[in-house]
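Below is one structure; the comments refer to it alone.
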Amino acid sequence: MRSFYRRPKIVFVFVFLVLFVVWLFVTIIEFSFGLTVTTDDLIATGKTLRNGRQLKAFITSSYYYPTSESLGDNAIALVMSINLVSNPVLKLAHFFSPDSSELVIMAKNATSSVIMKASYVRVTPHEACQIITVFATAQLIPNVTNISMLGDNGVAEIPFTSPSYTKRDVVVCTSPLYVSEQWQNFLLAVHIYRKFGAHMNLYLISSVTSFYELMKEYEREVLDT
Ligand SMILES: *[C@@H]1O[C@H](CO)[C@@H](O)[C@H](O)[C@H]1NC(C)=O
Ligand SMILES: *[C@@H]1O[C@H](CO)[C@@H](O)[C@H](O)[C@H]1NC(C)=O
Ligand SMILES: CC(=O)N[C@H]1CO[C@H](CO)[C@@H](O)[C@@H]1O
């Protein structure tokens, strides 16, 4: 002990080393548990936005297109609601750290993986809500098995489906439904189209919950038959 007292430098280095090891340990633990996944659709990465909120996204639809004329091959197309909008009180912060207009996506196939930036376009035009709807797309790798979104200290799996490539006689595409609540129109359309054997592609941006659940029910029913 006496020799320590005579060498304050060594004590300093020792204390510094202990603090460093503790910091490293805490960082590793934080990194491993930084990820929270609440439900199948709601994903949240550990990424904290500059206004102190955790990045959260609700995925409305996510399709992986092995081939696509408009998006390119091996493309992901995501429609989601995400809290990218800044807190109005901290508007000034815009000048110092502007929002990145890209999301970071990781894709894996049986043999390799890539990390790439997906650009997005805003569907919600105003800044009145903290959660806005965006459409994001990126070209990934062939035969993708897993897609995830990366934040600063977390990864969240993005569940996805592949579109149907079956040739059909009649295909009906409905223009994107935004703040949709007219379920009566949907019911009428779905039954009439089905009666005539049409395949229905519905693009949904947002709707009241009960209507969304009703559409999900119809989707399950149609997929099962
Ligand atoms: C995985 O992606 C890589 C990179 O594009 C590609 O070369 C490889 O063939 C893919 N693996 C499979 C099993 O498709
Ligand atoms: C890949 O996705 C499947 C289900 O889609 C999941 O069970 C599996 O854990 C995922 N693998 C990785 C490495 O994330
Ligand atoms: C193993 C496997 O699924 N291979 C497929 C990868 O994707 C190409 C087309 O992009 C298919 O032709 C392969 O069969």
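In my numbering, the protein residues as written are 54 to 278.
Where is the CB? At the ideal position from N, CA and C, for every residue including glycine.
Quantities reported herein were computed from a predicted structural model and do not represent experimental measurements.
Under three-state DSSP, which class holds residue i?
{"i": "Q235", "result": "coil"}
{"i": "V68", "result": "helix"}
{"i": "R273", "result": "helix"}
{"i": "L124", "result": "coil"}
{"i": "H147", "result": "Interpretation of H147 is limited by its pLDDT of 47, a score under 50 that renders its predicted location unreliable; no figure is taken from the coordinates."}
{"i": "H179", "result": "coil"}
{"i": "V261", "result": "coil"}
{"i": "A251", "result": "coil"}
{"i": "L77", "result": "helix"}
{"i": "L193", "result": "coil"}
{"i": "K220", "result": "coil"}
{"i": "E266", "result": "helix"}
{"i": "G87", "result": "Low local confidence applies: a pLDDT of 42 at G87 is under 50, so the model's placement there is unreliable, with the coordinate-based value given in what follows. Residue state, collapsed to three classes: coil."}
Can you list, in chain order, the residues of its chain with a C-beta nearer than 7 angstroms to that of residue i? Leave out the 5 residues immediately preceding and following it.
{"i": "P216", "result": "Y116 and Y118"}
{"i": "T177", "result": "I185 and T186"}
{"i": "Y271", "result": "V243"}
{"i": "R175", "result": "I185 and V187"}
From the DSSP secondary-structure annotation, give me the bridge partner or partners of residue i.
{"i": "V167", "result": "A160"}
{"i": "I185", "result": "I135"}
{"i": "Y256", "result": "Note: Y256 sits in no beta bridge, so no partner."}
{"i": "T198", "result": "Paired residue(s): none; T198 is not in a bridge."}
{"i": "I129", "result": "Y117 and A191"}
{"i": "A209", "result": "M202"}
{"i": "E155", "result": "S172"}
{"i": "V225", "result": "M253"}
{"i": "L230", "result": "L257"}
Grab me the residues of residue i's own chain with a C-beta within less than 6 angstroms of its C-beta, minus the 5 sequence neighbours each way, in chain order.
{"i": "F198", "result": "A small correction: the amino acid at residue 198 is Thr; Phe does not occupy that position in the sequence shown. For T198, where only same-chain residues beyond five positions count, the Cβ hits under 6 angstroms are K161 and N162."}
{"i": "L255", "result": "T227"}
{"i": "G125", "result": "Q192"}
{"i": "V321", "result": "Because the chain spans 54 through 278 in this model, residue 321 falls outside it and cannot be assessed."}
{"i": "V261", "result": "E234"}
{"i": "S121", "result": "A128"}
{"i": "V225", "result": "Y246, A251 and M253"}
{"i": "S114", "result": "V132"}
{"i": "P229", "result": "Y256 and I258"}
Round the Cβ separation of residue i and residue j to the nearest angstrom and send it over; I've been treating them as touching at under 8 angstroms.
{"i": "V167", "j": "I200", "result": "Rounded, the Cβ-Cβ distance is 10 angstroms, inconsistent with contact."}
{"i": "A171", "j": "T190", "result": "6 angstroms"}
{"i": "D128", "j": "Q192", "result": "Per the sequence shown, the amino acid found at residue 128 is Ala instead of Asp. Confirmed, about 5 angstroms."}
{"i": "V132", "j": "I211", "result": "Going by Cβ atoms, the distance from V132 to I211 rounds to 12 angstroms, so no, they are not a contact pair."}
{"i": "W236", "j": "F264", "result": "5 angstroms"}
{"i": "Q183", "j": "N136", "result": "5 angstroms"}
Excluding five sequence neighbours on each side, which residues of the same chain lie with their C-beta closer than 8 angstroms to the C-beta of residue i?
{"i": "F249", "result": "V223"}
{"i": "M202", "result": "I96, T98, A110, L156, V157, I158, M159, V208, A209 and I211"}
{"i": "S165", "result": "I194"}
query = Which residues have their C-beta within less than 6 angstroms of a heavy atom of ligand 2, listed in chain order?
reply = T198, N199 and E210
inquiry  = As a quick check of your reading: which residues have a C-beta less than 5 angstroms from at least one non-hydrogen atom of ligand 1, in chain order?
reply    = N162, A163, T164, S165, I194, P195 and N196
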